[in-house]
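Mapping to my numbering: the sequence shown position 69 is 701, numbers consecutive. No residue lacks a Cβ here, since even glycine has one placed at the ideal position from N, Cα and C.
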Amino acid sequence: MLQLLRKVDYMRIVVGICMVVDGYPLIFFLKETMGLAPGSSAFTAGFLALGFILMVPFSIFRKLYKPNLLAFYMAIACLLLMVFYMIYFVGEPGFSALGTDSMYFLFAFIFLFLVVCVPNDIIEVAVPVIVVFTLVSNLGLIYAMITDPTWALGQRAAINFGTAGEAGERSGNPHVFARNALLGVVACGVWAFDARTGLLFRIFALFTGAVSAAILVMTQTRSSIVALVLVIALFMFYNVRPAQIKTAVRGIFRPLPLITIGIFIVGLMAFLQRYNDIYNLLYGYVMGFIERNTENILALLGLKTKAGYAASFDASSANRTVSTGFLGNVLIGHMEMLVFGNGYKFLYLDIPVLEAWINHGIAGLVLFGGLNLLIFYNCLQAMRTNPNPLTTCLAYFYMLIFVQMFTNGRPNEISFWHPLALMIRFVGVEHLFPIRLWTNPPAYDYDGYAVPNPAGPSAIHAVSTETVVSEPSASESAA
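Take a look at the structure:
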């Protein structure tokens, strides 16, 4: 009973993390579809604050868990640099968002502190909770699209809100739903391929992953599609070897995998026959996505389309092309602009790593770009070793953040910093986790850990407000 209550408590913490990192799909659903607080920024702040509250462990202020220290210090330095520029060196004419942006930075610092307080044991329940959370968000999106009279088949999947233009057309943000869908695909994949996952849960994970993949296609966001391709390629690179293929083929022909695959295929075939329009819809989305991106490639090469007219970039691609051209002009004749930067929010480039450089100078490039490169390296190592389900899930999910660093967003947005805080806490420090949390435990056991503690085994369990530890105290472990 005590073990069950402890797991429920860990689930509560994971739900709070999901609300902060991936809460915007539910926020839009509650605000716009359910009509609780249309257009309210206060509701969004309250939702994130509730996530923070759910994240608070009972051991807060008494125990801190060691993150990736180099990445942690780089993140703190980068955030402080941006706050300094926001206060003393603003580059945006008529800047009036000091209060709003200060709140975002405060949220980033709060989340970074809370994840350092979160116990390692959430690893045991994290991935299943993430799967359920992303499914709920996807179902909310599907319900919103079905009940929204302004949404039509062929439009990008999003919850429409507000008004735009003289015709009063509503618009939405498909990127947050694409992020949720990609997280769902990754989490479902990790859960389904885990040998410890039962048959029914594996079927549930495969079905949920298929729903997330369909939503991802319908959002038609290039960064998420590129990230998905990158995830698949890296998974194949690190997991598909001749010996592994041989082992996998042998494993497939065992009764349990055959039953699982058979049920999934039969269920999918029955679903597509019953809802053939869904297949046609997804096919149309895929072909439309390919056509639009083919035209961008032709425009880049200066070629014409099959119809004979000159190919042109879409709005987002054109914006990034202009941004790249601007950087080229700066490099050729105004290198001094890149030393200290041009000030906070001087220019929106839609390429976060370049904006960090142009707006915050060399220090911004080194801290923001270096932090992401460090996390990227640690994620590749996690993919190679597959230390535990949560770390593996975060490592693959980071591919979306890595792609977006070059494709869309701004370096000061919490949509970057909240996921980065999770990577700092759980990626690159797998050797500090108890062996019982490992997917493939190492051969050596130092008092339940993979590495020895220089101060002795008992020091690992020290409880102090001044000590960074890796595991609950001995008394709590015994309980």
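C-alpha gap between residue i and residue j, whole angstroms
i       : j       : result
Val688  : Arg638  : 14 Å
Gly683  : Val652  : 6 Å
Leu634  : Gln1036 : 42 Å
Ala674  : Asp641  : 27 Å
His1050 : Phe833  : 29 Å
Glu664  : Asn812  : 18 Å
Val750  : Arg694  : 11 Å
Ile864  : Met1015 : 12 Å
Leu636  : Val722  : 51 Å
Phe839  : Leu767  : 10 Å
Gly1060 : Ile1007 : 8 Å
Gly993  : Asp654  : 30 Å
Pro1043 : Leu890  : 47 Å
Trp989  : Thr732  : 23 Å
Val843  : Gly678  : 29 Å
Lys719  : Tyr1030 : Per the sequence presented here, residue 719 reads as Ile, with Lys not at that position. In a straight line, the C-alpha of Ile719 is about 30 Å away from that of Tyr1030.
Ser672  : Ile1033 : 27 Å
Leu997  : Gly894  : 51 Å
Leu1012 : Leu866  : 8 Å
Leu662  : Leu773  : 11 Å
Asp780  : Leu981  : 33 Å
Leu1114 : Thr851  : Nothing about residue 1114 can be read from this structure; the chain reaches only from 633 to 1111.
Val763  : Ile1046 : 22 Å
Ala837  : Cys820  : 5 Å
Met967  : Asn1040 : 24 Å
Ala784  : Asn752  : 45 Å
Of the residues the options, the one placed nearest residue i, counting alpha carbons only
i       : options                          : result
Ile659  : Thr1071, Met1015, Gly804, Leu900 : Gly804
Leu1022 : Ala842, Arg882, Gly816, Tyr717   : Gly816
Thr1024 : Ile754, Phe809, Pro699, Val822   : Val822
Thr782  : Thr840, Phe793, Pro874           : Phe793
Tyr717  : Leu900, Tyr736, Phe978           : Phe978
Ile692  : Asp733, Phe721, Val747, Leu668   : Val747
Tyr697  : Pro1073, Asn1072, Pro1066        : Pro1066
Ala776  : Gly667, Val872, Phe867           : Gly667
Asn1010 : Ala1027, Val998, Leu997, Gly1002 : Ala1027
Gln787  : Ala859, Thr853, Asp826, Phe867   : Thr853
Ala681  : Val715, Pro670, Met714, Leu738   : Leu738
Leu860  : Gly830, Leu814, Ala827           : Leu814
Gly973  : Phe885, Phe1058, Glu724          : Glu724
Counted within 10 angstroms of its Cβ, other Cβ atoms place residue i as buried (16 or more) or exposed
i       : result
Ala1087 : Any reading at Ala1087 must be qualified, since the residue scores a pLDDT of 47, below 50, and its modelled position is unreliable; the value itself is stated next. Its Cβ having fewer than 16 others within 10 Å, Ala1087 is exposed.
Tyr1078 : exposed
Ala1075 : exposed
Pro699  : buried
Gln604  : Absent from the structure is residue 604, since the part of the chain shown begins at 633 and ends at 1111.
Ile857  : buried
Val849  : buried
His1063 : exposed
Arg882  : exposed
Leu1082 : Contrary to the premise, residue 1082 reads as Ala rather than Leu in this sequence. Label assigned to Ala1082: buried.
Val872  : exposed
Leu831  : exposed
Val599  : For the chain, the structure presents residues 633 to 1111; residue 599 sits outside this window and is missing.
Leu1054 : buried
Per-residue DSSP class, three states only, for residue i
i       : result
Ser672  : coil
Tyr1030 : helix
Tyr1078 : strand
Phe793  : strand
Ser803  : strand
Leu981  : coil
Leu701  : helix
Pro725  : coil
Leu730  : helix
Pro1043 : coil
Pro887  : helix
Pro689  : coil
Pro1051 : helix
Leu680  : helix
Pro751  : coil
Leu848  : helix
Pro874  : helix
heavy atom of the ligand FAD below 7 Å from residue i C-beta
i      : result
Ala709 : With respect to small molecules bound, the structure shown includes none, and the ligand FAD cannot be examined in it.
Proximal residues to residue i (C-beta, below 6 Å), its chain only, five neighbours per side dropped
i       : result
Gly648  : Gly683, Leu686, Met687
Gly769  : For the record, residue 769 in the displayed sequence is Ser; it is not Gly. Cβ neighbours of Ser769 beyond the five flanking positions: Pro657, Leu658, Asn812.
Phe1000 : Cys710, Ala988, Pro1043
Asn1004 : Met1037
Other residues of its chain near residue i: CB distance less than 7 Å, five sequence neighbours each side excluded
i       : result
Asn1020 : Ile755, Glu1062, Phe1065, Leu1069, Trp1070, Thr1071
Phe727  : Lys977
Phe809  : Pro657, Leu773, Ala789, Ala790, Ile847, Thr851
Beta-carbon contacts of residue i that lie in its chain and below 8 Å, excluding the five residues immediately before and after
i      : result
Val761 : Met643, Val646, Val647, Cys650
Leu702 : Leu1006
Leu713 : His992, Ala995, Gly996, Leu999
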